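Note sheet for the following structure.
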Amino acid sequence: MIRRLTLALLTLALLCGQAVAAEKYIVATDCTWPPMEYLDENKQPVGFDVDFITEVGKAAGFEVDVRNIAWDGIFGGVATGQYDIVAAATTITPERQKQFDFSDPYYEVAQAVVLPAGKSIKNLEDLKGKKVGGQIGTTGVFVVRKSGVPVDLKEYDDVGLAIQDMLGGRIDAVICDDPVAMYYANKKADTAGKLNLSYKTDEKEYYGFTVRKGRKDLVEKLNKGIKAVKASGVEAKLLEKWMGASK
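Quick note, the numbering used here runs 32 ahead of the 1-based positions in the sequence shown.
Laid out in structure tokens, this is it:
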């Protein structure tokens with residue numbers, strides 16, 4: 033009788049443990065966009081987005097498994113259920129909202145034009161006839177095209193390659209999100225002091241976490257976590273860690 037009771041209690045404990053175990057979601061990020069996401073010396077994803085989604089999960093009661101996924105396959109992967117969340121400095125746009133659901137915005141951003149040190153522009157029109165680089169599929173590339181300014185636009189798999197081509201004299205300018213521009217201009221060891229963040233667009237964009245269409249349950253959890261991280265002061269600490277100052 034005692035043996036049966038003990039077995040029953042053990043079974044109940046195991047079932048209860050399973051019931052309260054935190055859910056784990058697979059998070060896809062493209063580690064070519066520092067300081068938002070990049071690979072450390074051990075080839076592990078790090079950056080503001082990685083830390084932020086981890087803290088959002090803690091606040092909302094779920095765990096994350098962050099994986100480095102190439103940008104050109106990241107949205108297809110979340111659409112087919114290979115990944116649960118995209119946390120990759122993804123701008124919320126009307127076009128993307130037709131295909132995916134988004135969390136509330138968690139980061140404000142503008143597009144920035146980076147030039148070699150000593151060079152500058154006042155507006156996008158000053159890029160007329162210039163060779164301009166940007167990462168493929170990013171809003172910086174979209175902004176240049178939408179502007180109608182006739183430039184020789186070159187798209188790269190990695191914004192860092194565009195920066196290196198510019199420093200090598202093969203292109204004239206690079207357009208990217210402003211936190212990325214600030215990282216290369218001010219913090220990255222081999223480019224700091226060699227660049228001029230010359231111009232930022234007036235129009236603001238907002239990053240959101242991306243999920244498959246219809247995942248309202250997951251959107252609610254993300255929004256709960258985002259709100260908690262912002263209110264608790266954790267966001268300010270992460271901004272200080274990755275950007276050097278509170279945003």
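Don't be surprised by glycine CBs; every beta carbon is placed ideally from N, CA and C.
Keep in mind that this is a model prediction, so the values were computed, not measured.
Contact check, residue i vs residue j, beta carbons under 9 Å
i	j	result
G225	A194	no
A92	K245	no
V141	Y238	yes
Q167	V145	no
W65	V212	yes
Own chain residues within Cβ distance below 8 Å of residue i, not counting five before or after
i	result
D83	L270, K273, W274
D136	G240, L254, N255, I258, K259
Beta-bridge pairing of residue i - partner residues as DSSP gives them
i	result
Q143	D209
V59	V98, I117
K186	G165
P77	L71
Cβ-based burial, residue i [other Cβ within 10 Å; buried from 16]
i	result
D249	exposed
V78	buried
A182	Looking at the sequence shown, residue 182 is not Ala but Pro. Classification for P182: exposed.
P126	exposed
T112	exposed
D209	buried
Close beta carbons around residue i, own chain, < 7 Å, minus the five adjacent residues each side
i	result
I106	A60, D62, V118, A120
Q114	none
G200	none
CA-to-CA distance, residue j to residue i, given in whole angstroms
i	j	result
G161	S152	15 Å
D116	D133	11 Å
K130	N218	36 Å
V251	G169	24 Å
D184	I203	9 Å
Other residues of its chain near residue i: CB distance less than 6 Å, five sequence neighbours each side excluded
i	result
L147	A205, N228, S230
A198	Residue identity check: residue 198 is Met in the sequence provided, not Ala. Cβ neighbours of M198 beyond the five flanking positions: V206.
Residue i at chain D interface by Cβ criterion, 9 Å
i	result
V118	Checking the listed chains, one finds no chain D in this structure; it contains a single protein chain.
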